[in-house]
């Protein structure tokens with residue numbers, strides 16, 4: 058039994074929920090190559106950057122990215138401001154919980170509407186509201202809380218990367234404030250390593266103390282090319298590893314692999330209708346089509362949830378504290 | 058001799074270039090309070106955020122913030138594009154090296170002009186050009202390289218904070234790409250912990266490979282309120298410690314101190330005409346006036362360079378490699 062086989066099947070397997078596959082080997086090989094002292098592909102620790110899409114890559118995203126359910130929940134709380142939302146699409150579909158109609162709108166339109174629902178809250182208020190909701194909110198079909206729809210194999214991968222001094226980032230089309238409300242506790246990813254779509258915001262004085270309040274206007278729509286622009290703005294380095302699951306991630310995967318040295322892009326394919334969902338180009342809100350063709354042409358590993366993962370979701374974990382601890386110690390707003 | 062006295066004057070002093078002072082005690086006390094297990098002011102490591110202004114706080118800024126000298130150097134390289142710059146202010150003053158005239162323009166106007174000079178470069182091209190320039194470029198009056206105009210006491214403070222599991226960030230009105238070209242090597246601050254003013258940018262394909270290219274248009278002018286907006290966007294947490302030297306930092310200092318628990322804002326006062334420069338409200342480009350009044354009202358420590366620092370600049374360090382190592386391993390652009 059060779060060392061590689063031991064790594065993949067033995068007791069020391071850092072990715073126990075990953076079946077032996079080309080994708081798993083590619084991951085383990087990359088980590089070996091960039092960390093081995095004297096390797097021609099050695100990358101200094103500070104430059105070992107791994108970026109992960111969020112919806113559909115680290116947790117599920119059907120029937121809709123989960124922030125849409127939080128936004129729907131918040132509609133009631135913003136009744137006084139609904140008059141400005143009522144004229145916008147897809148307001149009616151949100152009120153009627155018509156997920157299919159919502160998904161038929163473009164990703165930008167839905168993201169914009171969701172951010173508009175959240176407008177008016179300070180960062181601290183948003184974090185409190187999102188944490189409280191996440192604590193109990195359940196997926197409409199999967200029979201578990203949204204925060205338990207996180208993929209166990211990806212938690213192992215994040216951990217393996219960090220154990221090898223990679224810095225792990227989320228680069229999501231979803232709202233960055235929403236993800237920051239649980240990323241530290243659930244993924245071990247601190248707020249400053251979460252990049253996402255964001256509303257414009259401004260500083261206001263609340264009883265003389267500055268708070269940051271969201272405005273009903275998109276600041277950055279973190280999808281496609283904009284993911285690369287934001288990686289450049291927030292991180293400033295070309296990632297060594299990028300993991301996505303849709304055409305929105307295509308440019309980010311390309312950006313990561315088009316540098317020198319050992320680099321890796323991976324695509325997650327949702328092909329497990331029994332344990333999760335099966336879809337790709339037919340999910341109009343966020344299709345996987347062009348990226349699949351490029352993965353094929355470039356030899357990027359495509360991870361089959363059905364074949365490559367022994368386990369889909371993490372164990373249900375009801376006791377963990379959600380929300381970032383620092384927020385609870387700020388009195389202002 | 059008490060433990061505190063030992064810390065301040067003994068062999069174990071983590072801030073040897075700081076004379077005993079209210080500022081020094083406040084720093085040491087804050088670090089003790091937030092790190093002591095069981096302390097009512099304990100802050101978990103992930104939430105120990107320290108933010109530092111850059112020009113005038115971590116290195117000198119007279120007669121002009123140093124990026125202005127790099128921009129002036131670049132004017133020659135962008136001769137072909139000068140036709141669009143020539144109509145703008147303060148073009149003529151840059152051509153004539155008239156620092157006083159440049160400093161008489163507003164900070165926003167000067168920052169915008171500097172970013173416009175740099176437009177058209179990819180992130181990697183910019184890093185190469187800035188690193189090459191920084192390697193030898195010298196301050197016109199201080200008789201040392203710009204990168205050696207970094208303050209030794211601040212290097213000790215950054216190190217002391219990190220040794221106590223603070224994450225140290227730069228939040229500068231200067232261009233974030235410029236600071237990222239040396240912050241890792243000089244301050245130990247990685248690119249993703251540098252926040253600053255930025256141009257808009259876009260993704261382009263260069264020989265089929267995505268690169269990020271700067272546009273001649275301001276994306277974010279990271280000053281005053283915008284510093285707080287960007288701390289919220291890039292970090293997502295309210296800092297525990299903030300250090301600045303001008304009215305542009307006022308809101309950031311206020312934001313840091315206006316949370317619960319033990320927090321600290323500090324102001325650096327340039328009052329040492331002999332070893333550096335002496336100025337405050339009279340430096341029109343970036344005055345210190347309102348912030349000084351607020352420091353007085355709130356009891357924020359004001360650090361006197363003349364009285365509180367035994368040493369101003371770090372030792373000259375000609376051998377260190379500038380530029381981020383990852384950039385050198387990217388072939389694209």
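Protein chains in written order, with the numbering used here: chain P, 58 to 390; chain S, 58 to 390. Beta carbons are placed, not taken as given, at the ideal position from N, Cα and C, and that holds for glycine. Remember, it's a predicted structure, so these values are computed and weren't measured experimentally.
On the CB-based measure, 16 or more other CB atoms within 10 Å of its CB, does residue 269/S come out buried or exposed?
Residue mapping note: residue 269/S aligns to position 212 of the second chain, counting from 1. That one is buried.
> residue 203/P by DSSP, collapsed to three states: which one?
Replying inline: Position 146 of the first chain, counted from the start, is the residue given in the question as residue 203/P. Note: residue 203/P maps to helix in three-state DSSP.
Self-check item: Same chain only: Cβ atoms within 6 Å of residue 183/S, ignoring 5 sequence neighbours per side
Solution: The residue labelled residue 183/S in the question sits at position 126 within the second chain. Once the five neighbours on either side are set aside, the close Cβ partners of residue 183/S are 234.
| Taking 8 Å as the CB-CB limit, is residue 76/P close to chain S? | In the first chain, the residue the question calls residue 76/P occupies position 19. By this cut-off, residue 76/P is not an interface position.
- Quick one: is residue 373/P buried, meaning 16 or more other Cβ sit within 10 Å of its Cβ, or exposed? One-based indexing of the first chain puts residue 373/P at position 316. Counting Cβ neighbours within 10 Å, residue 373/P comes out exposed, since fewer than 16 surround it.
Open item on the list: Can you find the residues in the same chain that come closer than 8 Å, C-beta to C-beta, to residue 376/S, ignoring five residues on each side of it along the sequence?
Closed with: Taking the first residue of the second chain as 1, we reach residue 376/S at position 319. Excluding residues within five positions, none has a Cβ falling inside 8 Å.
Residue 242/S and residue 378/S look like a contact to me (Cβ under 8 Å); what is the Cβ gap, rounded to whole Å?
Along the second chain, read from residue 1 onward, the residue named residue 242/S stands at position 185. Along the second chain, read from residue 1 onward, the residue named residue 378/S stands at position 321. Contact holds; Cβ gap of about 6 Å.
Given a threshold of 16 other Cβ atoms within 10 Å of its Cβ, counted over all protein chains shown, does residue 65/P qualify as buried or as exposed?
-> One-based indexing of the first chain puts residue 65/P at position 8. Legend: pLDDT at residue 65/P = 47, less than 50; position of this residue unreliable, value from coordinates given subsequently. That one is buried.
| said: Is residue 237/P close to chain S? Criterion is C-beta to C-beta, closer than 8 Å. | reply: In the first chain, the residue the question calls residue 237/P occupies position 180. Taking Cβ atoms only, chain S reaches closer than 8 Å to residue 237/P, which makes this a yes.
Q. Would you say residue 249/P reaches chain S, if we count a Cβ-Cβ gap shorter than 8 Å as a contact?
A. Here residue 249/P is taken as the residue at index 192 of the first chain, counted from 1. Taking Cβ atoms only, chain S reaches closer than 8 Å to residue 249/P, which makes this a yes.
Margin query: So, with DSSP's three-state summary, where would you put residue 312/S?
Written below: Here residue 312/S refers to the residue found at position 255 of the second chain. In this structure, residue 312/S counts as helix in the three-state DSSP scheme.
Given 8 Å, three or more beta-carbon pairs between the stretch 201 to 208 of chain P and the stretch 142 to 155 of chain P: no
- Item | Chain-ordered residues of the stretch 277 to 296 of chain S with a beta carbon less than 7 Å from chain P | 282, 285, 286, 289, 290, 291, 292, 293, 294 and 295
Bridge-paired residues (DSSP) for residue 71/S: Taking the first residue of the second chain as 1, we reach residue 71/S at position 14. Beta-bridge pairing links residue 71/S to no other residue.
Hey, how far is the Cα of residue 239/S from the Cα of residue 131/P?
Numbered from its first residue, the second chain carries residue 239/S at position 182. Numbered from its first residue, the first chain carries residue 131/P at position 74. Taking the straight line from one Cα to the other gives about 44 Å.
Reduced DSSP category for residue 373/P - H, G, I as helix; E, B as strand; rest coil:
On the first chain, position 316 is the one that residue 373/P refers to. Of the three classes helix, strand and coil, the one that applies to residue 373/P here is coil, per DSSP.
*Give the interface partners of residue 347/S over in chain P, defined as CB-CB distance under 9 Å, in chain order.*
What you label residue 347/S is simply residue 290 of the second chain in a count that begins at 1. Ordered by position in chain P, no residue passes the 9 Å Cβ test against residue 347/S, which lies about 14 Å from the chain.
Should residue 211/P go down as buried or exposed, given a rule of 16 or more other Cβ atoms within 10 Å for buried? For this step, residue 211/P is matched to residue 154 along the first chain. When all chains shown are included, residue 211/P counts as buried.
With a threshold of 8 Å between beta-carbons, can residue 97/P be considered close to chain S, or not? Here residue 97/P refers to the residue found at position 40 of the first chain. Output row for residue 97/P: interface = no.
Requested in this report: May I ask you to list the residues that DSSP assigns as paired with residue 261/S?
Outcome: As a first step, residue 261/S must be located in the second chain, where it is residue number 204. 268/S, per the DSSP bridge assignment.
(message) Taking CB distances under 8 Å as the criterion, tell me whether residue 267/P reaches chain S.
(response) Taking the first residue of the first chain as position 1, residue 267/P is located at position 210. It does; some Cβ of chain S falls within 8 Å.
**Asked** Using the rule of at least 16 other Cβ atoms within 10 Å of the residue's Cβ for burial, across every protein chain shown, is residue 61/S buried or exposed?
**Response** As a working mapping, residue 61/S is identified with position 4 in the second chain. Note that residue 61/S scores 43 on pLDDT, short of 50, meaning its location in the model is unreliable; the coordinates nonetheless yield the value given after this. Under this definition residue 61/S is an exposed residue.
Exercise. Of all Cβ atoms in chain S, is any one closer than 8 Å to the Cβ of residue 386/P?
Worked result: In the first chain, residue 386/P corresponds to position 329, counting from 1. Below a pLDDT of 50, predicted positions are generally treated as unreliable, and residue 386/P, at 40, falls in that range; no measurement from the model is reported.
Query raised in the report: Closer than 7 Å, Cβ to any Cβ of chain P: which residues of the stretch 151 to 180 of chain S, in chain order?
Result: 180
Closer than 9 Å at the beta carbon, the chain P residues around residue 208/S: The residue you call residue 208/S lines up with position 151 of the second chain. Near residue 208/S there are no residues of chain P at all, since even the closest Cβ is about 23 Å away, more than 9 Å.
Which same chain residues end up closer than 7 Å to residue 99/P when comparing Cβ atoms and leaving out the 5 residues on each side of it in sequence?
In the first chain, residue 99/P corresponds to position 42, counting from 1. These residues qualify, in order along the chain: 91 and 93.
*asked:* Any beta carbon from chain P within less than 8 Å of residue 260/S's own beta carbon?
replied: Against the second chain, residue 260/S aligns to sequence position 203. By this cut-off, residue 260/S is an interface position.
- Pick helix, strand or coil for residue 378/S, following the three-state DSSP scheme. Taking the second chain and counting its residues from 1, one reaches residue 378/S at position 321. In this structure, residue 378/S counts as coil in the three-state DSSP scheme.
Practice prompt. Taking 8 Å as the threshold, find out whether the stretch 312 to 326 of chain S comes into contact with the stretch 301 to 308 of chain P through three or more Cβ pairs.
Written response: no
I want to see whether chain C comes within less than 8 Å of residue 255/P, judged by CB atoms only; does it?
Absent here is chain C; the protein component of the structure consists of chains P and S.
message: Can you look up residue 224/S in the DSSP assignment and give me helix, strand or coil?
response: Reading the second chain from its first residue, position 167 is the one you call residue 224/S. Strand at residue 224/S.
Item to complete: Could you list which residues in chain P have their beta carbon closer than 7 Å to that of residue 311/S, in chain order?
Response: As a working mapping, residue 311/S is identified with position 254 in the second chain. Chain P residues near residue 311/S: 267.
Could you check the C-alpha separation between residue 117/S and residue 83/P for me, to the nearest Å? The sequence position of residue 117/S within the second chain is 60, counting from 1. The sequence position of residue 83/P within the first chain is 26, counting from 1. C-alpha separation (whole angstroms): 47 Å.
Review point. Rounded C-beta distance between residue 173/P and residue 127/P? I'm assuming under 8 Å.
Key: As a working note, residue 173/P is residue 116 in the first chain. As a working note, residue 127/P is residue 70 in the first chain. 14 Å between Cβ atoms; not a contact.
Q: Could you list which residues in chain S have their beta carbon closer than 8 Å to that of residue 308/P, in chain order?
A: Start at 1 with the first residue of the first chain, and residue 308/P comes out as number 251. Under the 8 Å cutoff, chain S gives 260 and 267.
Short CB-CB distance (under 8 Å) between residue 103/P and chain S:
By 1-based counting over the first chain, the position of residue 103/P is 46. It does; some Cβ of chain S falls within 8 Å.
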